[in-house]
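Numbering (our numbering), first residue to last: 2 to 270. Please read the structure below before turning to the comments.
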Amino acid sequence: MTAAALLLTGCGGLATTHHKPGTSHQEATGSSGTLLAARDEGGHRLRELPAAEAPTVRAEARPDSEGGWNVHLTVERFRFTPESTGGAALPGRGHARLLVDGRETARLYGPWGYVPPGAHTLTVRLHADDHTVWAVAGAPVQATVRLDAASASSPTSTSAPASAPAPASTPASAPPSPRPADPGRTVTLTVTGTTVQPPPSRIELKKGERLTLRVTSDRADTLHVHGYDRELPLSPGTPATLTLIADRTGLFEVETHESGLVLTQLVVR
Numbered sequence: 002m003t004a005a006a007l008l009l010t011g012c013g014g015l016a017t018t019h020h021k022p023g024t025s026h027q028e029a030t031g032s033s034g035t036l037l038a039a040r041d042e043g044g045h046r047l048r049e050l051p052a053a054e055a056p057t058v059r060a061e062a063r064p065d066s067e068g069g070w071n072v073h074l075t076v077e078r079f080r081f082t083p084e085s086t087g088g089a090a091l092p093g094r095g096h097a098r099l100l101v102d103g104r105e106t107a108r109l110y111g112p113w114g115y116v117p118p119g120a121h122t123l124t125v126r127l128h129a130d131d132h133t134v135w136a137v138a139g140a141p142v143q144a145t146v147r148l149d150a151a152s153a154s155s156p157t158s159t160s161a162p163a164s165a166p167a168p169a170s171t172p173a174s175a176p177p178s179p180r181p182a183d184p185g186r187t188v189t190l191t192v193t194g195t196t197v198q199p200p201p202s203r204i205e206l207k208k209g210e211r212l213t214l215r216v217t218s219d220r221a222d223t224l225h226v227h228g229y230d231r232e233l234p235l236s237p238g239t240p241a242t243l244t245l246i247a248d249r250t251g252l253f254e255v256e257t258h259e260s261g262l263v264l265t266q267l268v269v270r
């Protein structure tokens, strides 16, 4: 199995929370680093630190046995802080974002992530808790690697070959009674202002498991499940339901678009 390894020289950073009314994310972080006017593709401003204070990240991308790539990060002078996302930018704290072919697909609040099958260019970028991008010398702290689909494992097939002999006939018997469909798991979430109940955590799922998210928000917004590209409009005070089959392994974030709140994370194994 081949591995694509990359070394990210990163900024050690400061992290931010969701700001108070009338105050921007950047203003909420005070004098942490140097806030630059430059922004990345997603509109996040760059927050620069001296190179001597910057953390480093080593990333390995290994083909998954069912297709795609498993990405593993090893960080130094930096730690993942999902519990303070949206808070103030603090040195050596924050999260990583995966950009596949220039499009953001997921946030990582830990060392593991997943990239779907195909030939892709993967960029891993470090962010502070306030969602600004850690930067050194005016450039984002990131690393880019080419994922070669030719070396990725293809999904295995259990189909019998065309030349296989037909099975011998057996006496007719009554068909088995059909099993009731598995309703899967239902998770209920409530969004009030910038508060999520129950507080954001990780939902552990088995591959193929059915999950239903029942979300009630006090404002109009859009729910987005990263990695699955599923969205759900939210109307004030009206419960909305989204059901999906967890057919991809990895770590996937569920958030709201307008308010930028992380509601939960899906861990599919």
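Glycine included, each C-beta is placed from N, C-alpha and C at the ideal position. As the structure is a computational prediction, the values presented were derived from the model and not from experiment.
- Inter-segment contact for the region 246-264 and the region 119-130 is absent: fewer than three beta-carbon pairs are separated by less than 8 Å.
- Secondary-structure assignment with DSSP links His-121 through a beta bridge to Leu-148.
- Around the beta carbon of Asp-65, 16 or more other beta carbons sit within 10 angstroms, so the residue counts as buried.
- When only Cα atoms are considered, Val-142 and Arg-270 end up about 29 Å apart.
- Comparing alpha carbon positions, the residue from Val-101, Trp-135 and Thr-86 closest to Leu-47 is Trp-135.
- DSSP places Pro-64 in the uninterrupted beta strand (DSSP E) bounded by 57-64.
- For Gly-238, the closest of Leu-245, Gly-93 and Thr-193 by C-alpha to C-alpha distance is Thr-193.
- In this structure, the CA atom of Thr-213 is about 7 Å from the CA atom of Thr-242.
- For Glu-84, there is no enclosing beta strand (DSSP E), as DSSP gives it neither H nor E.
- Within the same chain, Cβ atoms closer than 8 Å to the Cβ of Arg-215 are found at Thr-187, Val-188, Thr-189, Leu-190, Pro-240, Ala-241 and Thr-242, the five residues on either side in sequence being excluded.
- With contacts defined by Cβ atoms closer than 8 Å, His-73 and Pro-117 do not form a contacting pair.
- With a 10 Å radius around the Cβ and a threshold of 16 neighbouring Cβ atoms, His-258 comes out exposed.
- Excluding the 5 residues flanking it on each side, Arg-147 has same chain C-beta neighbours closer than 6 Å at Thr-122, in chain order.
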